[in-house]
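When you read off a place in the sequence shown, starting at 1, and then add 637, the result is the number in my numbering. All residues carry an ideal CB built from backbone N, CA and C; glycine is no exception.
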Amino acid sequence: MDALTCRTSAGDIAGLLTRLRRERPAEFVQTERQYAAPNMDLYRLDEPVPAWGNEGDAIVVTDNRVLLLVDAPIDTASARLEQSLTDSRDTPLSGALDDLHALVVYAGEHPGMQERTLIGCEYRMPGLSLLANPDDAWRTPTP
C-alpha cells in the first residue's frame, strides 16, 4: 500500500482504486461504509497493514487522500509516527514528500471513526478525484 506512504507517483495515483479492485477484489470491490462531507469510502482489509509507524485494517479513500484508520487516539498515533520518523532517518522521507504529496494526520470525526486517527497521504494534484470511477457512476450528479 505505497499510496498510504506517499510513494505512488502522480502518473499512477489516478487509477488507484481500479488497480486495487483488480489486484485485491475481496477487499476493494465493495466499500464497508461511505461518508459524505467530505466524500469518503472505507474499505476493510483481510490483514492489517503498517504505515507511518501505525497499523490498521481499514483504508479510507477521499478525492485526494489515501488514509489508514488507526484504532488509537491522535496522541498515540502521532507518537508512533514521530518514533517511526526518528527510526527511519536512514531512509529519507524527502523522496516521498514534495509539492504533490503531503503527510496528513487527523482525528476521526465521523460515526465509527471517533477516538481513532486517520493517517496517510494527501495527493495535491489539480483535478484529481480518487473516487471518480466509471463503476461508481451513481456518484456523478446528473443535470
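- prompt: How many Å lie between alanine 714 and arginine 659 at the Cα?
  reply: 31 angstroms
Residues of its chain near tyrosine 743, where Cβ-Cβ distance is below 6 angstroms and the 5 sequence neighbours each way are ignored: If we look at tyrosine 743 and ignore the five residues flanking it on each side, its Cβ neighbours are Leu755.
- request: Please determine, among Asp736, Pro748, Glu752, Phe665, the residue with the shortest C-alpha to C-alpha distance to arginine 761.
  value: Asp736
- request: Could you check if alanine 640 is buried or exposed, using at least 16 other CB atoms within 10 Å of its CB as the buried criterion?
  value: buried
field: Residue range of the unbroken alpha helix (DSSP H) whose run includes glycine 648
entry: 647-650
query: Thinking C-beta only, is aspartate 678 closer than 9 angstroms to valine 698?
result: yes
query: Given a threshold of 16 other Cβ atoms within 10 Å of its Cβ, counted over all protein chains shown, does valine 703 qualify as buried or as exposed?
result: buried
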